[in-house]
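Numbering (the numbering used here), first residue to last: 1 to 252.
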């Protein structure tokens, strides 16, 4: 992936080795600066950052557009001689629970050649959930017959809204939200079932809205067999048990 900006007489190119990354991946590349002019140019400072950027604020150059996650100082008083090209290497490790790319925000590579808060140049990255999260969702889709409606990032976790299968046992579930993250080989899961159930109130059977929440933590020894191969049978049994908890004695 490459992004180029011309600020005459300098040409800046951010080069990232790859096109897409997952949470927790290592990302590396270089920043190339070429002087197309006939005079030497001095940069007071050169910093390179991994930052969370908000698209609307970036568009209007709001100084609050950036939240810096990690920063490298590539040098100070850097002289780029006439017709010279210099290259600066960089690398970052993405946090395991970092922001994924959404329609309103994403992670960026950002560099600055001054002390101002606004970036000199930036390159948007495409960040996807960790592989294990996608693998879990495949189990919900292929074995438990849930359908994915929406995926977003919220409060440090990937949040997925799923539509339950049209079975009699789950007809009472209006919506199901799964929140998940994996950090340090620990899988944190939060299940939220929004339900419409029958309950007896003052001798009368009435429909009531209920929310059932379950929190769960699994270790990699539980959900992996070896390498990146999931313990599929264990996870199907685990998820089915949680779903059963949300199944009332009386349902619509």
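C-beta: ideal position from N, C-alpha, C; glycine also.
So, with DSSP's three-state summary, where would you put residue i?
i           : result
residue 17  : coil
residue 74  : strand
residue 252 : With a pLDDT of 41 at residue 252, under the threshold of 50, the modelled position of this residue cannot be trusted; read the value that follows with caution. Looking at residue 252 - three-state DSSP - the assignment turns out to be coil, as it is neither helix nor strand.
residue 182 : strand
residue 11  : strand
residue 228 : coil
residue 145 : coil
Measuring straight from C-alpha to C-alpha, what distance separates residue i and residue j?
i           : j           : result
residue 108 : residue 162 : 29 Å
residue 41  : residue 34  : 10 Å
residue 195 : residue 140 : 19 Å
residue 134 : residue 128 : 9 Å
residue 19  : residue 1   : 5 Å
residue 230 : residue 217 : 16 Å
residue 72  : residue 102 : 25 Å
residue 247 : residue 97  : 31 Å
residue 257 : residue 24  : The first residue shown for the chain is 1 and the last is 252, placing residue 257 beyond what the model contains.
residue 223 : residue 234 : 7 Å
Buried or exposed: which applies to residue i, given that a residue is buried once 16 or more other Cβ atoms fall within 10 Å of its Cβ?
i           : result
residue 6   : exposed
residue 113 : buried
residue 149 : exposed
residue 182 : buried
residue 167 : exposed
residue 75  : exposed
residue 83  : exposed
residue 105 : buried
residue 186 : exposed
Going by DSSP, name the residue or residues bridged to residue i.
i           : result
residue 45  : 76
residue 106 : 53
residue 220 : DSSP, once it has assigned bridges, lists no residue as partnering residue 220.
residue 22  : 128
residue 211 : 194
residue 163 : 147
residue 61  : None, per the DSSP bridge assignment.
| query | Would you call the stretch 64-78 and the stretch 38-52 touching, i.e. three or more CB-CB distances under 8 Å? | reply | Because the criterion of three Cβ pairs below 8 Å is met, the stretch 64-78 and the stretch 38-52 touch.
| So does the stretch 7-16 actually touch the stretch 116-130, counting three or more Cβ pairs closer than 8 Å? | Taking 8 Å as the limit for Cβ pairs, the verdict is that the stretch 116-130 does touch the stretch 7-16.
| For the stretch 86-94 against the stretch 23-33, are there 3 or more C-beta pairs whose distance is under 8 Å? | Counting C-beta pairs with one atom in each stretch, the stretch 86-94 and the stretch 23-33 have three or more that are closer than 8 Å, which means they touch.
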